[in-house]
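Here the structure comes first, spelled out in structure tokens, and everything after it is commentary.
Residue numbers (the working numbering): 85 to 184.
This is the structure:
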């Protein structure tokens, strides 16, 4: 009986936490490639017509690449930008916008 109550309490807390912060998310994982294990993590959130995302990938030899981006919409137009940093430290930026 005690185990059932504990399980129900944990499920309730998880359900409340998901409702409270439904616009935020995160993902983590790893996979094995031909040269070893690679890992990645990403997180993002949306609020008030704007969203942002951040991601990091680390290769088997410790080389890391990052990508950060954001987008927002207002009325009938949207714009966004993304910055990627390569394992060598080079930075690439991409900006987009559109309207209808």
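Glycine included, every Cβ here is placed at the ideal spot set by N, Cα and C. All figures in this text were calculated on a predicted structure; none of them were measured in a lab.
Residue(s) in a DSSP beta bridge with residue i
{"i": "residue 109", "result": "128"}
N- and C-terminal bounds of the beta strand (DSSP E) containing residue i
{"i": "residue 178", "result": "175-183"}
{"i": "residue 170", "result": "It is not in any beta strand (DSSP E) - residue 170 carries neither H nor E in the DSSP assignment."}
{"i": "residue 137", "result": "134-142"}
{"i": "residue 153", "result": "148-158"}
Close beta carbons around residue i, own chain, < 7 angstroms, minus the five adjacent residues each side
{"i": "residue 94", "result": "Note on residue 94: pLDDT 46, under 50, position unreliable in the model; the coordinate value appears next. If we look at residue 94 and ignore the five residues flanking it on each side, it has no Cβ neighbours."}
Closest residue to residue i among the options (Cα-Cα distance)
{"i": "residue 152", "options": "184, 122 and 141", "result": "141"}
{"i": "residue 164", "options": "179, 158, 175 and 107", "result": "179"}
{"i": "residue 183", "options": "162, 117, 154 and 155", "result": "162"}
{"i": "residue 107", "options": "170, 166, 160 and 136", "result": "136"}
{"i": "residue 156", "options": "166, 148 and 121", "result": "166"}
{"i": "residue 148", "options": "118, 117 and 123", "result": "123"}
Cut-off 6 angstroms between Cβ atoms - residues of its own chain near residue i, not counting five sequence neighbours on either side
{"i": "residue 176", "result": "168"}
{"i": "residue 145", "result": "none"}
{"i": "residue 138", "result": "127 and 152"}
Chain-order list of residues whose beta-carbon lies under 8 angstroms from that of residue i (same chain, five-residue window excluded)
{"i": "residue 133", "result": "156, 157 and 158"}
The segment 128-135 in contact with the segment 112-119 per 3-pair CB rule at 8 angstroms: no
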